[in-house]
Amino acid sequence: MSSIQEILSKFKFERVLSQDTRTKLVFLLGQVEGQDCIVSFEKTQFDDSVIPKLTSSVGAMDEVVENNIYGWCMAQMKYDVLDTRVKTIFPATDVHIAKYEAQARVMVVETPSLYETITLPYIKSIPAKRTQWVQNILNGSAEADRVIYHDHHPETGFVLLPDMKWDGSNETLYWVAISMESSILSLRSLNVSHLELLKKMRDTSYRLVKEKANLEPNQLRLFIHYQPSYYHFHLHITAVSFSDAPGVVSGQAHLLDTVINNIELYPDYYQRVDLPFVIGEKHELIASHNWK
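Dropping the structure here:
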């Protein structure tokens, strides 16, 4: 495994996959030793220690405009603070490239029959090595220092840790809980036998977020993605104040309390229901199959 420093030093830029001017996030595609590599750069929020010194940290200015009581410009800041989050995916697969490449989104309605004939075979075709990073977290061989909680029970256990998208502030809290049970692929897999796990995930998340970040349950949003980015069951935990958190939109996020209630009403609810989802038109699941 190459270190992030080594990857960055060898990275040969090819093109921009996507850039979000609102979130200040850009994904770059390039080559490292002849293999595809994705690197992302994201500007973080101002550090609390810097805010009182912002006005005295303004260096070179350009595009200065002054009009009556208003003035604005572009400026280069001089403070010495880490303010950009860098992430790498190496080697990157075609699936990774399609995921982060700018593309149109489409709404698909997946019936139980379409799940059995299209989605499930697609899931089973995914090489196990693609989720090896998940197994590394579960067995403690990677990111052990980031783990907040680890219940090793094979059926109702899970690991709770900060999502790599979290910047560390309570207002944008973003944790993830990953199930120890590898047979639960996604929302579609859930049934009455999983209620104990789901409730344990919920209650433990509430308790630990209160202990670590002093946020109450009514300040949290717990949800499950469908389609997920990887097919090993996991739960997202975000602060409600993080209103534009990635993946909280309709057509992707399913609130945990609603999922629990649906299963309590109908034990096989998620095996019977049609599930609409939004997905990129270049995603392999869409591009390689006829959903009509």
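When the letters of the sequence shown are read in order and numbered with the numbering used here, they come out as residues 24 to 315.
Note that the Cβ used here is the ideal one computed from N, Cα and C, for glycine as well.
Beta-carbon gap between residue i and residue j smaller than 8 Å
i	j	result
Tyr249	Leu298	yes
Ala115	Asp59	yes
Ser273	Leu245	no
Ile30	Thr111	yes
Leu51	Val39	yes
Leu218	Ile283	yes
Val73	Val109	no
Val157	Val170	no
Ile260	Leu278	no
Ala127	Asn193	no
Phe113	Ser25	yes
Met203	Leu231	no
His255	Ser205	yes
Gly53	Glu37	yes
Trp314	Val118	no
Residue i versus residue j - alpha carbon distance
i	j	result
Val88	Leu77	19 Å
Thr67	Thr154	28 Å
Ile207	Pro177	12 Å
Asn159	Ile120	23 Å
Asp267	Lys305	24 Å
Thr179	Ala167	20 Å
Tyr293	Ile302	19 Å
His175	Thr142	29 Å
Ile247	Ala310	24 Å
Asn214	Pro290	5 Å
Glu234	Asp186	18 Å
Phe300	Pro240	27 Å
Glu133	Val296	9 Å
Ser164	Val271	30 Å
Leu184	Tyr93	45 Å
Ile286	Ser216	10 Å
Lys122	Ser148	17 Å
Asn91	Asp85	19 Å
Pro251	Trp198	15 Å
Glu124	Gln28	24 Å
Val104	Ser79	14 Å
Trp95	Pro150	52 Å
Leu288	Ser32	55 Å
Reference residue i, options the options, closest by Cα
i	options	result
Ser136	Lys47, Ala165, Arg211	Arg211
Ser41	Ser311, Ser32, Glu65	Glu65
Thr281	Lys305, Leu221, Tyr138	Leu221
Ala276	Gln126, His257, Pro144, Ser202	His257
Pro75	Tyr102, Ile27, Phe300	Tyr102
Thr46	Ala310, Tyr93, Asp190	Asp190
Asp71	Glu37, Ile92, Asp106	Asp106
Glu307	Gln28, Asn91, Tyr145, Glu37	Tyr145
Leu238	Trp95, Phe265, Pro251	Phe265
His312	Ile27, Tyr138, Met84, Ser80	Tyr138
Supposed close pair residue i, residue j - CB separation, criterion 8 Å
i	j	result
Met224	Ala262	Actually they do not touch by this definition, with Cβ atoms about 17 Å apart.
Val55	Phe69	Wrong, their Cβ atoms sit about 32 Å apart, outside the cutoff.
Gly82	Met100	7 Å
Lys188	Pro269	6 Å
CB contact check: residue i to chain B, cutoff 8 Å
i	result
Gly82	Going by chain labels, chain B is absent from the structure shown, which holds only one protein chain.
Those runs of the alpha helix (DSSP H) which lie wholly inside the stretch 53–138 and span at least 4 residues = 117–123
Runs of beta strand (DSSP E) wholly within the stretch 235–302 (minimum 3 residues, chain order) = 243–248, 257–262, 276–278
Which whole runs of the alpha helix (DSSP H) in the stretch 167–198 are 4 residues long or more, in chain order?
-> none
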